[in-house]
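Note sheet for the following structure.
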Amino acid sequence: MSEPAAGAAPANTVPKLGIDRVCRTFAGVGKQGSATVALHNVSLDVRAGELVSIIGPSGCGKSTLLEIAGGLQEPTSGRVLVDGKATSGPGPERAIIFQSYALFPWRSVLRNVAFPLEVGKVPKAEREARAAEALRLVGLTKFQSHYPAQLSGGMRQRVAIARAFVRDPDILLMDEPFGALDAITRELLQEQLSALHLQQRKTVVFVTHSVSEAVRLSDRIVVLGIQPGRVVGSFTLPRDPGQVADLPQREREFSDIRDELWNLLLRHGNSPALHVKQPG
Amino acid sequence: MTQHDTLLAEPADLDRPPATAARRRVALGRWQGVAAVAAFLLLWQLVSELQLVDTFSLPPFTTVVAATYDLAKTGLLWSDIGISLLRAGCGFALALVVGIGVGLAIGWSRSASRWLSAPMEFFRQMPPLAMYPVFLLFLGLGLKSQIAMVFWGSVWPILLNTINGCQQVDDTLTKAARSYGVSRWQMFTKVVLPSAIPVISTGVRLGGTYALLVLVGAEMIGAQNGIGFLILNSQDTLEVPNMYSGILILACLGLILNFLLLRLERRITRWRLHA
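So the protein lines, in turn, are chains A and B.
Quick note, the first sequence lines up with residues 1 to 280 if you use the numbering used here.
Quick note, the second sequence lines up with residues 281 to 555 if you use the numbering used here.
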């Protein structure tokens, strides 16, 4: 068991984000269509300041789980708790970052970042100042009057990160945020996210399908299996509190965990041949 | 990576090389277009001058220009253009208000669009000319019926594009907006409407073209003035150059209208041009 990161709450207090026995069933399509169980009895506690990765084969419901945590979907049963209190729907203490950036193409970078504040009816001068500050954090000050179409994929995702940060949420929910980026940009943004996480002390839930990304970034990795989506494993990866992590070094350090993760994923993948020894 | 005030490095400036090659290609394209039109007019002139066709049925281009000049001098042309623009303008304006207004209402409500899309498809298939007797019965002979025709001809593309535009909103954008807690009204004004605007403006341009098309038909069957009347009447009275004047003027009006609507569309959707 690792020590909680410096500044984070001790392990015995209420988790920042709690997923409590969440099930999600999708009704079948057509007459014979049977209902699909996307998530079965998933529980997960995330401490304040912790970065937890959720990894699993495609179709394991990891994106569904993230949307439930973000309040975009309601669970069929179970609860989502923030600071121990059950929530329903989205809230300003949580922000979601999507793989496809989800920037509004008709808004300039600055107005994209200011969007959450505009929704909350923050006065114009204040929201522009706060948006500019968030852009400074991701190093895009010079690009505030550009449109998203003028930016590279990596820059767009940084705008999306700035937009998520602008209301200063406690919890960041990231749905394969770097999945659409090329390898070099991806690596850069991993470094930057890691540094930003250290500086801002956010609680992060990070959905990915990349084993190495999960090992590099996470304090903890939760593995979901398929049919139904459920937790099949969990790994803790201790790190030196308060110090910028050397990500490639972390990947080497936890190579045994990486191998174990691979084995677990293969065992719970969606290939029928691999499906046989799936435990009840 | 060391930790400092700005965690992420400023990327290099987006200074793109000035797109001179592309600009030259656009300029060349424009020049080629002008040359092609000039060639067409020259061909017209020659075919008529050399009497390859019946000169009465196709007078030379220069004769048509002269006839247009005469029409303009008597002032008759201006009043015809004026009344045509009034009819087309009122009908098109009405179509804009109704098409966009009703379209937004329908597009915003899923159940409304499920109920109304079939009847709308049905109405759309009724040609404006076929509706003219109906308009006559209700509105009588005159300006109102003419406006109703133009309205009927141009409202459908505007209406249908508005509905489509509202329903084509990118799912991840609505998700992102919902995650920031937008109200239903904010979702409409800040997400649905702006993302529908490019589709709506295509419908508006189509509607503008249809407005002029229908206008001519309406003026030919039920008016005593206007460009459509001028064209048919000139043929009746054997003033063939005047007939061609009317046709050319209509083409020019169509070009101008399309140019203006395109300018407006580019202005509103400036963000798309950067792609």
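Beta carbons are placed, not taken as given, at the ideal position from N, Cα and C, and that holds for glycine.
Could you name the residues of chain A that residue i contacts, counting a contact when the two beta carbons are closer than 9 Å?
i              : result
residue 466(B) : 118 and 119
residue 543(B) : In chain order: nothing, as chain A lies at least about 18 Å away.
residue 453(B) : 102, 103, 104 and 105
Thinking C-alpha only, which one of the options is nearest residue i?
i              : options                           : result
residue 221(A) : 210(A), 229(A), 23(A) and 227(A)  : 210(A)
residue 230(A) : 25(A), 16(A) and 137(A)           : 25(A)
residue 552(B) : 413(B), 476(B) and 426(B)         : 476(B)
residue 133(A) : 151(A), 148(A), 150(A) and 109(A) : 109(A)
residue 168(A) : 63(A), 143(A), 202(A) and 149(A)  : 202(A)
residue 235(A) : 245(A), 262(A) and 226(A)         : 262(A)
residue 90(A)  : 70(A), 187(A) and 213(A)          : 70(A)
residue 56(A)  : 78(A), 15(A) and 176(A)           : 176(A)
residue 444(B) : 325(B), 317(B), 319(B) and 397(B) : 397(B)
residue 493(B) : 545(B), 382(B) and 407(B)         : 407(B)
residue 226(A) : 199(A), 247(A) and 268(A)         : 268(A)
residue 451(B) : 22(A), 98(A) and 44(A)            : 98(A)
residue 43(A)  : 255(A), 128(A) and 79(A)          : 79(A)
residue 375(B) : 549(B), 485(B) and 504(B)         : 485(B)
Let's see if you can read the secondary structure: which residues bound the alpha helix (DSSP H) around residue i?
i              : result
residue 543(B) : 520-548
residue 370(B) : 356-388
residue 25(A)  : Premise fails: residue 25(A) lies in the beta strand (DSSP E), 17-26, not in any alpha helix (DSSP H).
residue 209(A) : No alpha helix (DSSP H) holds residue 209(A); DSSP gives it neither H nor E.
residue 422(B) : Element bounds for residue 422(B): n/a, residue is neither H nor E.
residue 186(A) : 183-200
residue 508(B) : 507-516
residue 264(A) : 255-267
residue 155(A) : 153-165
Who are the near neighbours of residue i in its chain, counting only those whose CB is closer than 7 Å to its CB and skipping five residues on each side?
i              : result
residue 625(B) : The structure shown has nothing for residue 625(B), since chain B only spans 281 to 555.
residue 384(B) : 442 and 446
residue 527(B) : 511
residue 605(B) : Only positions 281 to 555 of chain B appear in the structure, and residue 605(B) is not among them; the question remains open.
residue 324(B) : 341
residue 15(A)  : 45, 46 and 47
residue 118(A) : 127
residue 191(A) : 247
Is there a Cβ from chain A that is less than 8 Å from the Cβ of residue i?
i              : result
residue 281(B) : Low confidence applies here, because residue 281(B) scores a pLDDT of 37, under 50, leaving its location unreliable; read the following figure in that light. By this cut-off, residue 281(B) is an interface position.
residue 462(B) : yes
residue 459(B) : yes
residue 551(B) : yes
residue 340(B) : no
residue 413(B) : no
residue 437(B) : no
residue 407(B) : no
residue 474(B) : yes
residue 293(B) : Its pLDDT being 42, under 50, residue 293(B) is placed unreliably in this model, and the value from its coordinates should be taken loosely. It does; some Cβ of chain A falls within 8 Å.
Please return the same chain residues whose Cβ sits closer than 6 Å to the Cβ of residue i, not counting the five positions on each side in sequence.
i              : result
residue 28(A)  : 34 and 35
residue 37(A)  : 25 and 228
residue 277(A) : Here the model assigns residue 277(A) a pLDDT of 40, short of 50, so the residue's position is not dependable, and the following value carries that caveat. None.
residue 348(B) : 525
residue 392(B) : 386
residue 334(B) : none
Between residue i and chain B, is the shortest Cβ-Cβ distance under 8 Å, so that the two count as touching?
i              : result
residue 70(A)  : yes
residue 178(A) : no
residue 92(A)  : yes
residue 275(A) : Here the model assigns residue 275(A) a pLDDT of 40, short of 50, so the residue's position is not dependable and the matter cannot be decided.
residue 235(A) : no
residue 206(A) : no
residue 165(A) : no
residue 95(A)  : yes
residue 149(A) : yes
residue 7(A)   : Low confidence applies to residue 7(A): its pLDDT is 41, below 50, so where it sits in the model is not reliable enough to give any reading.
residue 3(A)   : Caution applies to residue 3(A), whose pLDDT of 43 falls short of 50 and renders its modelled position unreliable; the value that the coordinates give is listed next. By this cut-off, residue 3(A) is not an interface position.
Could you give the residue range of the beta strand (DSSP E) that holds residue i?
i              : result
residue 230(A) : 230-236
residue 489(B) : First-last for residue 489(B): 473-502, but that is the alpha helix (DSSP H), not the beta strand (DSSP E).
residue 87(A)  : 85-87
residue 77(A)  : 77-82
residue 37(A)  : 36-46
residue 175(A) : 171-175
residue 223(A) : 220-225
residue 95(A)  : 94-97
residue 51(A)  : 51-55
Which chain B residues are close to residue i, counting only those with a beta carbon under 8 Å from its beta carbon?
i             : result
residue 98(A) : 452, 455 and 456
Here's a check: name, in chain order, each residue in its chain whose Cβ is nearer than 8 Å to the Cβ of residue i, leaving out the five neighbours to either side.
i              : result
residue 457(B) : 466, 467, 470 and 471
residue 181(A) : 153, 154, 157 and 189
residue 92(A)  : 116, 120, 167 and 169
Taking C-beta pairs closer than 7 Å, name the residues in chain B that residue i reaches, listed in chain order.
i              : result
residue 115(A) : 460
residue 131(A) : The contacting residues do not exist; residue 131(A) stays about 13 Å from chain B at best.
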